[in-house]
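Asker:
Numbering (our numbering), first residue to last: 134 to 563.
#1: Could you give the first and the last residue of the continuous alpha helix (DSSP H) run that contains residue 248?
#2: By the 10 Å Cβ neighbour count, where 16 or more other Cβ atoms means buried, how is residue 155 classified, buried or exposed?
#3: To the nearest angstrom, report how far apart residue 261 and residue 328 are at their CA atoms.
#4: Would you check if the distance between the CB atom of residue 77 and the CB atom of residue 516 is smaller than 8 Å?
#5: On a Cα-Cα basis, can you pick out the residue from 467, 560, 556 and 544 that is closest to residue 207?
#6: Taking three-plus beta-carbon pairs below 8 Å as touching, is the segment 402 to 422 in contact with the segment 191 to 211?
#7: Apart from the five residues just before and just after residue 357, which ones in its own chain have a Cβ nearer than 7 Å to its Cβ?
#8: Leaving aside the five residues before and after residue 295 along the sequence, list all residues of the same chain whose C-beta is less than 7 Å from its C-beta, in chain order.
#9: Given 8 Å as the limit, is there contact between the segment 186 to 203 and the segment 393 to 401, that is, 3 or more CB pairs closer than that?
#10: Rounded to the nearest angstrom, what separates residue 347 and residue 530 at their Cα positions?
#11: Return the CA-CA distance between residue 528 and residue 341, expressed in angstroms with no decimal places.
#12: To which residues of the same chain is residue 556 closer than 6 Å at the C-beta, ignoring the five residues directly before and after it?
#13: Check whether the segment 297 to 311 touches the segment 247 to 256, counting contact only when three or more Cβ pairs, one atom from each stretch, lie closer than 8 Å.
#14: What does a CB cutoff of less than 8 Å around residue 482 pick up in its chain, not counting 5 residues either side in sequence?
#15: Find the nearest neighbour of residue 541 within the set 478, 551 and 290, judged by alpha-carbon distance.
#16: Is the beta carbon of residue 533 less than 8 Å from the beta carbon of residue 289?
#17: Would the segment 460 to 472 and the segment 411 to 430 be scored as touching if the rule is three or more Cβ pairs under 8 Å?
#18: If we ignore side chains and look at the alpha-carbon of each, how far apart do residue 467 and residue 382 end up?
#19: By the 10 Å Cβ neighbour count, where 16 or more other Cβ atoms means buried, how is residue 411 classified, buried or exposed?
#20: So, residue 266 versus residue 413, is the Cβ gap smaller than 8 Å?
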């Protein structure tokens, strides 16, 4: 990658996408009306996860007994001590602009928080506080990419990675993870091919959404050794689920081995059940963080001041609620895996982290539900919502046709009831 000033970068983006950004005027019948060329938006995919979740919520509002496995957020309340910190901030009138990169006490605390997780040391100048981990990733992409740069994304992937890359002017290319395999899970030969063919950024996500795998120390080390041969690669390591890991496993960050080229993404949404508070962190080389802070200053000004105070309380406070939530997710995972295992024809791996299952449902495709053929996993999810009143996400959204994603961020009774409904509905397919 080359280093571009922000002005030069914006001019490059504008020249590439000017046809999308220009407004044009139509003159007719004595009046002028303004239209908008929607070319850029037209290349982006709708969020299937949000679409199905929204439909499930609408049915619930109508009094329909829908069980949702679609949520990408914990179902626990935000801890009381965090809410109290927010109330204190409001009472103290802490409601004005803050520094674009976030308040210093929170950047100091985030440096320590991420440092403990990764095993490396960060200064506050190496930390950016953003309006959620998603914005943190986007800021880094805009700060590091030049137009048409290739970004390697492991597949299956979180639904927003490819779209954020496209908006930032890059080109997503995909690296297939053999998450169903016990050997060669990382498929390093394919990754090396992509590295040799012009990629400039690699996105990692462990613990993984949607597949639930957690990279081992050996796997991370093998990745680092391969990446050492390609010193032009910047790594964006999305570690938002780092505290939701099961069976005594431990999170290993690639920053431990490639500190000078890795930007770690984290936040409070998942571990502290604070999805709506919108606070995320990016920690990495000061030059990249400085550029990303400029992007944020010109797009969002700063993260919510009240949310910053709440996040500060979360990451410096007791971890009891985090541990309680993780243990609950572990029990729910076991219940879900056991209950799904009773469905003949459904295959799945046991998640090692996060709170998602990714079962293989190809055995149920190309069957009929009455007069309708179930040709895709999207068709199957629509059928399950209509017939079983359960909301699931087709894994087409994650680059994996023939699979569906189930979130076990819901109650144990709902998990058993929902999967029982699923089993009955699948048995009705012909």
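Glycine included, C-beta positions come from ideal geometry on N, C-alpha and C. Values in this document were obtained by computation on a predicted structure and should not be read as measured data.
Answerer: So, from the listed chains and residues:
#1: 237 to 251
#2: In this prediction, residue 155 has a pLDDT of 39, which is less than 50 and means its spatial position is unreliable; nothing more can be read from the coordinates.
#3: 28 Å
#4: In the structure as shown, the chain begins at 134 and stops at 563. Residue 77 is therefore absent and cannot be evaluated.
#5: 544
#6: yes
#7: 387, 390 and 391
#8: 286 and 305
#9: no
#10: 21 Å
#11: 14 Å
#12: 476
#13: no
#14: 312, 313, 344, 345, 346 and 491
#15: 551
#16: yes
#17: no
#18: 16 Å
#19: buried
#20: yes
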